[in-house]
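Enquirer: Numbering (the numbering used here), first residue to last: 1 to 213. Beta carbons are placed, not taken as given, at the ideal position from N, Cα and C, and that holds for glycine.
1. So which of 176, 189, 92 has the shortest CA-CA distance to residue 125?
2. Take the Cβ of residue 110 as the centre, count every other Cβ of all protein chains shown within 10 Å, and call the residue buried at 16 or more, exposed below.
3. On a Cα-Cα basis, can you pick out the residue from 205, 162, 208, 90 that is closest to residue 141?
4. Can you tell me which residues form a DSSP beta bridge with residue 107?
5. Can you give, in chain order, each stretch of the alpha helix (DSSP H) that sits fully within the segment 116-166 and has at least 4 residues?
6. Once DSSP output is grouped into helix, strand and coil, what is the label at residue 186?
7. Taking all protein chains shown into account, decide if residue 157 is buried (16 or more other Cβ within 10 angstroms of its Cβ) or exposed.
8. Can you check whether the CB of residue 207 is closer than 9 Å to the CB of residue 175?
9. Can you name, in chain order, every residue of its own chain whose Cβ lies under 7 Å from the Cβ of residue 96, other than the five neighbours on each side?
10. Residue 207 bridges to which residues according to DSSP?
11. Check this for me: beta carbons of residue 154 and residue 178, under 9 Å apart or not?
12. Leaving out the 5 sequence neighbours to the left and right, which residues in its chain are closer than 6 Å to residue 198 when beta-carbon positions are compared?
13. Is residue 168 closer than 9 Å to residue 134 when the C-beta atoms are compared?
14. Looking at the unbroken beta strand (DSSP E) that takes in residue 177, where does it start and where does it end?
15. Buried or exposed: residue 184, going by 16 or more other Cβ atoms within 10 Å of its Cβ?
16. If you compare alpha carbons, which of 118, 101, 88, 103 is closest to residue 146?
17. Considering only their Cβ atoms, is the gap separating residue 94 from residue 151 smaller than 9 Å?
18. Have a look at 130, 171, 201 and flag the residue whose alpha-carbon is nearest the alpha-carbon of residue 101.
19. When the distance is taken between beta carbons, is residue 106 closer than 9 Å to residue 159?
Okay, structure coming up:
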């Protein structure tokens, strides 16, 4: 009788132990499943953010800045630009005039588009921005790498949109320079070879001398 009771008690304890182990195993499985689901969601979110940035879909970055809606800019544009050219234009305006007011950004965009319309310069925005003369980049953000680090602001997008829609306040300028940051040799070339049109913010805007004759 005693042995039978002891066997029954052992059986109950064994069943209880198996139940506890099974429960722990199930909890572990659930935790791993939740972790896997979270990782998948995170990867999907990162992929969606990357695609949004590349395609210009309006969203917000971690800094709170809106990603530019390139398709909207294209609809309002008087220029037929490739997506890659539009992204290059946005980035170079941000890199060159990120600290300027919106008109300062518009002026830089105007200069790029003036070059696009000039026979003196290459036939695409990308070629213009990455053009090199005697091994020297035409735009300092390309030379120093800051072009690749910028995040395009909403104000820059607005300024570029105005330029693409046909607004031009540049008086035909094909060149600009920030005298405060340029080396003396570079500014000597601007002063001797070009005609100063006006100043705005930290930039001076120039045209070819013959263009005013």
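Expert: In this structure, then:
1. Answer by Cα proximity: 92.
2. By the beta-carbon neighbour count (other beta carbons within 10 angstroms, threshold 16), residue 110 is buried.
3. Among 205, 162, 208, 90, the Cα nearest to that of residue 141 belongs to 90.
4. Partner(s): none; residue 107 has no beta bridge.
5. Runs found: 125-129, 140-144, 154-164.
6. For residue 186, the three-state secondary structure derived from DSSP is helix.
7. Residue 157 counts as buried, since at least 16 other C-beta atoms from the protein chains shown sit within 10 angstroms of its C-beta.
8. The Cβ atoms of residue 175 and residue 207 lie closer than 9 Å to each other.
9. Cβ contact annotation for residue 96 (same chain, cutoff 7 Å, sequence separation greater than five): 108, 139, 141, in chain order.
10. DSSP, once it has assigned bridges, lists 195 as partnering residue 207.
11. Contact flag unset, no.
12. Answer for residue 198: 205, listed in chain order.
13. No, the pair does not count as a contact, with Cβ atoms beyond the cut-off.
14. That run of the beta strand (DSSP E) goes 175-177.
15. Residue 184 is exposed by the Cβ-count criterion.
16. Among 118, 101, 88, 103, the Cα nearest to that of residue 146 is on 88.
17. Yes.
18. Here the closest residue by C-alpha is 201.
19. Against a cut-off of 9 Å, the Cβ pair of residue 106 and residue 159 comes out as a contact.
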